[in-house]
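Written below as structure tokens is the structure these notes are about.
Residue numbers (my numbering): 5 to 434.
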């Protein structure tokens with residue numbers, strides 16, 4: 005087996021021209037892989053075609069190389085691509101997963117440049133998907149292409165999985181969830197699984213769970229000049245939400261492990277949207293709705309939070325007379341009319357659980373070493389932003405480690421991308 009310098013010499017540096025050319029093709033498909041159903045259903049095979057065009061010449065399919073390439077499709081036009089470079093030792097394996105071929109939506113009117121074509125500003129590459137996640141698709145495709153072309157002897161099998169349908173969880177049975185269900189990734193449990201879909205070139209060792217909620221308050225509509233005859237649902241919503249938040253932070257305080265993992269924020273529950281049916285400024289409305297989300301560090305259970313918040317709402321409804329009011333005529337009960345204000349809360353079915361990566365994993369230490377070698381320092385971080393799918397993989401027994409090489413500002417530097425290209429060198433002994 006070749007040593008460290010030998011493998012670097014064989015693979016060479018990231019081919020900038022080849023990488024940018026491929027990325028340009030992928031960004032050119034971004035308009036057609038926006039994921040926001042039911043209006044926008046991505047056609048990930050448009051991206052997969054370019055990946056296959058780059059890899060098939062070095063595959064067993066064409067006889068041109070050792071790559072084993074499989075195009076796995078569950079929904080027409082929305083395929084996944086699994087690529088394998090065989091190692092020499094049975095049972096040794098590492099994988100790059102999470103490079104997804106769909107993107108979030110982009111309104112060209114809101115951009116200073118065309119989001120659906122690649123533009124270059126110095127060493128920055130710009131366009132929808134450069135960071136999330138078509139840039140990673142191009143990077144890992146280039147890595148696998150060079151493995152197929154140069155054919156280095158590696159102990160470990162290297163697998164890359166390009167997935168469909170990462171940006172939306174309302175439609176299942178399309179991407180990695182279906183692949184895992186079919187057992188096509190089972191052998192990846194034998195080694196580290198690098199989920200390449202974060203940003204800012206440092207290991208991301210913790211992510212947050214997330215569930216959206218909707219709090220609806222009902223009162224009694226009346227003229228604002230006779231406020232004593234109304235139950236103001238806006239005031240009820242403000243006071244009730246304040247009480248719910250106070251109880252949430254009491255029951256889900258900063259966890260001791262959050263400092264170890266370097267979480268930027270603890271668990272939070274906060275409003276993000278407010279709506280009411282409309283009406284004149286001199287009219288107290290009948291109802292209003294506040295929407296928001298819970299972001300939860302992975303040391304708490306999202307189901308426990310939902311149960312607790314429902315208990316808060318039930319208790320406030322039962323004791324609504326005790327809730328703080330706003331002014332001498334503010335009230336939430338009209339005894340003479342047998343009317344009580346009321347809260348109801350509902351949760352979005354599309355919830356996610358957070359992940360705390362295994363810090364004792366050899367894969368984690370390898371990722372740190374590669375980062376330090378290329379960037380010059382390593383500073384793992386954690387955020388309560390959420391990544392879909394990876395908690396399910398971790399629960400299934402995969403050693404999930406996460407990283408990414410674009411910038412959180414949704415541009416990338418091709419110099420930064422070379423970090424991911426070096427990672428393989430440090431995994432040669434797996």
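All C-beta atoms, glycine included, are put in the ideal place defined by N, C-alpha and C.
Mark residue i as exposed unless 16 or more other C-beta atoms lie within 10 angstroms of its C-beta, in which case mark it buried.
i           : result
residue 39  : buried
residue 232 : exposed
residue 54  : buried
residue 333 : exposed
residue 117 : exposed
residue 350 : exposed
residue 245 : buried
residue 285 : exposed
residue 143 : buried
residue 227 : exposed
residue 405 : buried
residue 360 : buried
State the DSSP-derived secondary structure class of residue i, mapped to helix, strand or coil.
i           : result
residue 219 : strand
residue 176 : coil
residue 45  : coil
residue 441 : Absent from the structure is residue 441, since the part of the chain shown begins at 5 and ends at 434.
residue 277 : strand
residue 336 : coil
residue 372 : helix
residue 125 : strand
residue 291 : strand
residue 141 : helix
In angstroms with no decimal places, state the Cα-to-Cα distance between residue i and residue j.
i           : j           : result
residue 28  : residue 183 : 28 Å
residue 221 : residue 385 : 39 Å
residue 195 : residue 97  : 5 Å
residue 248 : residue 188 : 44 Å
residue 16  : residue 156 : 12 Å
residue 298 : residue 176 : 23 Å
residue 342 : residue 302 : 44 Å
residue 243 : residue 399 : 39 Å
residue 92  : residue 114 : 51 Å
residue 356 : residue 166 : 21 Å
residue 7   : residue 151 : Annotation note: pLDDT 49 at residue 7 (below 50); position unreliable, coordinate value reported separately. Straight-line Cα distance between these residues: approximately 16 Å.
residue 365 : residue 274 : 34 Å
Going by Cα to Cα distance, which pick from the options is closest to residue i?
i           : options            : result
residue 61  : 154, 41, 96        : 154
residue 107 : 309, 119, 192, 331 : 119
residue 370 : 382, 360, 280      : 382
residue 368 : 324, 402, 124      : 402
residue 376 : 205, 301, 355, 260 : 205
residue 78  : 178, 63, 150       : 178
residue 213 : 224, 358, 394, 42  : 358
residue 50  : 64, 35, 59         : 35
residue 267 : 312, 324, 208, 311 : 208
residue 282 : 128, 387, 94, 238  : 238
What do you reckon, are the CB atoms on residue i and residue j nearer than 8 Å?
i           : j           : result
residue 87  : residue 163 : yes
residue 197 : residue 397 : yes
residue 292 : residue 271 : no
residue 103 : residue 141 : yes
residue 288 : residue 234 : yes
residue 132 : residue 110 : yes
residue 145 : residue 71  : no
residue 31  : residue 134 : yes
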